[in-house]
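See below for the structure under consideration.
Numbering (our numbering), first residue to last: 1 to 297.
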């Protein structure tokens, strides 16, 4: 098996385009195309469906991409180990999180202890974070949902809770709290499905028998804020994400279970990789400072 041809395939599969893969890898599109074609011809398979605006993986291509993802993740891990990452003099940690706010303090601590490290951060909902870990596209994740999966190692991090926010001109703009029942018939602005913010809040609405009015769905926290400012409805956000804003007012919901525990996750098989292990150590320090001992399980 020619590892160079496999690497060419993997780059194109990752980028979804020969052009983007060539730019990312510093090689010409024609070289990548020839290498992938050589791999296909050698094994009498078609790995990509080629289209004008890019490529998509065929079923056998998808299976091969799953294998090469694990293969090159192991290669990177071996290179990091042999190149000095055991002492963390250098290395790159890929992080996925459901909120940059939840993960930044951990990265700051890790960077302070190991200045030679670099990081990449991808922010998405909890479902996205988990998938990034499973697909070997992130080394560690931070998300507000416990995962019951034998492939995943998880560590409690801290508690957070959901709060509401409205424009200061809203009729709740002077209040510090509301009751869950007062949300009946009120318009809401919520995140997309897969967001733990939405899941927890909708569960509370359902348990209380509350039916909100219109529901506007948006993709990001920033979009939630802008929609609330524009008057489309009441927003929901984690308390730790609240930022002072001249036009917004935050309030609590008194009779609801809106507390959520954040977790750090990684693949069980990779928890002892030096970079990952160091991140977990810092997360455990944060957990011991913010959670009761019996909850650090």
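Where a beta carbon is used, it is the ideal one built from N, C-alpha and C, also for glycine. This one's a predicted model, so the numbers in the text were calculated from it and none came from an experiment.
Looking only at its own chain, which residues have a Cβ that is under 6 Å from the Cβ of residue i, when we skip the five neighbours before and after it?
i           : result
residue 128 : none
residue 139 : 93, 94, 276
residue 301 : No answer is possible for residue 301: the residues shown for the chain start at 1 and end at 297.
residue 208 : 180
residue 256 : 180, 204
What does the alpha-carbon distance come out to for the pair residue i and residue j?
i           : j           : result
residue 280 : residue 160 : 19 Å
residue 265 : residue 9   : 29 Å
residue 52  : residue 124 : 29 Å
residue 195 : residue 188 : 15 Å
residue 210 : residue 245 : 29 Å
residue 213 : residue 31  : 56 Å
residue 132 : residue 252 : 33 Å
residue 117 : residue 146 : 28 Å
residue 247 : residue 229 : 7 Å
residue 185 : residue 172 : 15 Å
residue 259 : residue 90  : 37 Å
residue 327 : residue 272 : Nothing can be reported for residue 327: it is not among the residues displayed for the chain, which extend from 1 to 297.
residue 261 : residue 158 : 6 Å
residue 235 : residue 166 : 7 Å
residue 254 : residue 176 : 10 Å
residue 287 : residue 225 : 29 Å
residue 130 : residue 141 : 7 Å
residue 227 : residue 243 : 16 Å
residue 26  : residue 3   : 17 Å
residue 223 : residue 200 : 19 Å
residue 284 : residue 43  : 48 Å
residue 202 : residue 239 : 17 Å
residue 198 : residue 218 : 11 Å
residue 274 : residue 168 : 48 Å
residue 174 : residue 112 : 42 Å
residue 270 : residue 75  : 13 Å
residue 7   : residue 67  : 11 Å
residue 290 : residue 62  : 42 Å
residue 126 : residue 193 : 10 Å
Using DSSP bridges, identify the partner residues of residue i.
i           : result
residue 218 : 191
residue 26  : Beta-bridge pairing links residue 26 to no other residue.
residue 128 : The partner list for residue 128 (beta bridge, DSSP) is empty, contrary to what the question assumes.
residue 143 : 263
residue 154 : 265
residue 120 : 94
residue 112 : Note: residue 112 sits in no beta bridge, so no partner.
residue 161 : 259
residue 166 : 249
residue 178 : 253
Would you grab the beta carbon distance between residue i and residue j for me? Rounded to a whole angstrom, and I think it's under 8 Å.
i           : j           : result
residue 163 : residue 58  : Going by Cβ atoms, the distance from residue 163 to residue 58 rounds to 47 Å, so no, they are not a contact pair.
residue 154 : residue 263 : 5 Å
residue 18  : residue 35  : Not a contact, Cβ separation roughly 10 Å.
residue 60  : residue 41  : Actually they are not in contact, since the Cβ atoms of residue 60 and residue 41 sit about 14 Å apart, beyond 8 Å.
residue 143 : residue 78  : Incorrect: roughly 28 Å between the Cβ atoms, too far for contact.
residue 119 : residue 107 : 6 Å
Using a Cβ-Cβ cut-off of 8 Å (strictly less than) and excluding sequence neighbours within five positions of residue i, which residues of its own chain qualify?
i           : result
residue 221 : 99, 191, 237, 241
residue 205 : 180, 183, 211, 212
residue 12  : 18, 21, 32, 36, 48, 55
residue 267 : 133, 134, 136, 151, 152, 153
residue 1   : none
residue 103 : 95, 97, 121, 142
Using a Cβ-Cβ cut-off of 7 Å (strictly less than) and excluding sequence neighbours within five positions of residue i, which residues of its own chain qualify?
i           : result
residue 136 : 69, 70, 73
residue 38  : 5
residue 110 : 117, 278, 279, 282
residue 232 : 187, 189, 216
residue 24  : 11, 15
Fill in: Ordered list of beta strand (DSSP E) runs contained in the stretch 32–109, each at least 3 residues
48–51, 54–57, 91–97
Discussion item. As an exercise, report each continuous alpha helix (DSSP H) stretch of at least 4 residues that is fully enclosed by the stretch 191–276, in chain order.
Written reply: 196–207, 221–229
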